[in-house]
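*Asks:* Here the sequence shown is numbered in numbering that gives the first Met the number 0, starting from 0 and rising by one per residue.
Glycine included, every Cβ here is placed at the ideal spot set by N, Cα and C.
Note that the structure is predicted; figures quoted are calculated from it, not measured.
Shown below is the structure under consideration.
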Amino acid sequence: MAAPRRRSMKKRPCEKHLEKQVNNRPKKLRQWSNDSMIEALDAVACGKMGVNRAALEFGVPRTRPKPYLSLEEEKELVDFLVICSKTGDGKTRQEVLKIVEAGVLKKGIKLTGSLSAGWWVRFRQRWPQLSLKKGDSFPVVREQATNYDVFKSYFDLLGETLTKYGLKDKPSQIYNCDESGMPLQHKMP
Numbered sequence: 000m001a002a003p004r005r006r007s008m009k010k011r012p013c014e015k016h017l018e019k020q021v022n023n024r025p026k027k028l029r030q031w032s033n034d035s036m037i038e039a040l041d042a043v044a045c046g047k048m049g050v051n052r053a054a055l056e057f058g059v060p061r062t063r064p065k066p067y068l069s070l071e072e073e074k075e076l077v078d079f080l081v082i083c084s085k086t087g088d089g090k091t092r093q094e095v096l097k098i099v100e101a102g103v104l105k106k107g108i109k110l111t112g113s114l115s116a117g118w119w120v121r122f123r124q125r126w127p128q129l130s131l132k133k134g135d136s137f138p139v140v141r142e143q144a145t146n147y148d149v150f151k152s153y154f155d156l157l158g159e160t161l162t163k164y165g166l167k168d169k170p171s172q173i174y175n176c177d178e179s180g181m182p183l184q185h186k187m188p
């Protein structure tokens, strides 16, 4: 039986390259600096090196995952969420994620699971005007009724009705009906 070959102590160039590749690899996702990413992009743009070589040299990833939504789609989603909150129907984090997942599936992008908490954090960083707040139980109907045009039309109609039936001079024949027994508002859990 032949004796096993011993490797020389001197490293070959390909081994040096592999060692450098392993040592420069980011330990966790997004552990590179913006400066190293900019340097890598500049090196590729200037033609000094290819994408793979620049990724190894500067310790940045070779590719970036494709975003689920375009900037225009995210802007449309943000506008929708703002309108919902103004009408008293603010969405929770889970509801927003379900809306986005439905949109992504409609675009034909297959998700392996559900959207991650990381996507939500990055979405909130891109759109800092959004915030999660516990909704109060102010009724939507009352919110919609607190409008100048609504008040004006109500009192115009009331004046016409009182004049039509001759009740302006007969306050003893005007009654108030209270709707307190009718639930007109949505209680937030």
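Which same chain residues end up closer than 6 Å to residue 36 when comparing Cβ atoms and leaving out the 5 residues on each side of it in sequence?
*Replies:* 59
*Asks:* Assuming residue 146 is part of the alpha helix (DSSP H), what are its boundary residues?
*Replies:* It is not in any alpha helix (DSSP H) - residue 146 carries neither H nor E in the DSSP assignment.
*Asks:* With DSSP run on the structure shown, which of helix, strand or coil describes residue 78?
*Replies:* helix
*Asks:* Can you tell me which of the three DSSP states residue 106 falls into?
*Replies:* DSSP places residue 106 in helix when its eight states are reduced to three.
*Asks:* When the Cα of residue 43 is compared with those of 32, 124, 56, which residue comes out closest?
*Replies:* 56
*Asks:* Any C-beta of chain B sitting closer than 8 Å to the C-beta of residue 84?
*Replies:* The structure shown contains no chain B, having only a single protein chain.
*Asks:* Pairs of beta-carbons, one from the stretch 71-87 and one from the stretch 126-133, closer than 8 Å: are there three or more?
*Replies:* yes
*Asks:* Can you tell me the Cβ-Cβ gap for residue 108 and residue 67, rounded? I've got them flagged as a contact below 8 Å.
*Replies:* 6 Å
*Asks:* Using the beta-carbon count (16 or more within 10 Å), is residue 122 buried or exposed?
*Replies:* With 16 or more other Cβ atoms within 10 Å, it is buried.
*Asks:* Taking the beta carbon of residue 87 as the centre, do at least 16 other beta carbons fall within 10 Å, making it buried, or is it exposed?
*Replies:* Classification of residue 87: buried, given that the 10 Å Cβ count is 16 or more.
*Asks:* Can you list, in chain order, the residues of its chain whose CB lies under 7 Å from that of residue 92, leaving out five sequence neighbours each side?
*Replies:* 119, 131
*Asks:* Count the other CB atoms, across all protein chains shown, that sit within 10 Å of the CB of residue 101; report buried if there are 16 or more and exposed otherwise.
*Replies:* Residue 101 comes out exposed.
*Asks:* May I have the straight-line CA-CA distance separating residue 41 from residue 30, to the nearest angstrom?
*Replies:* 19 Å
*Asks:* So what's residue 119 in DSSP terms, helix, strand or just coil?
*Replies:* helix
*Asks:* Secondary structure at residue 98, three-state DSSP: helix, strand or coil?
*Replies:* helix
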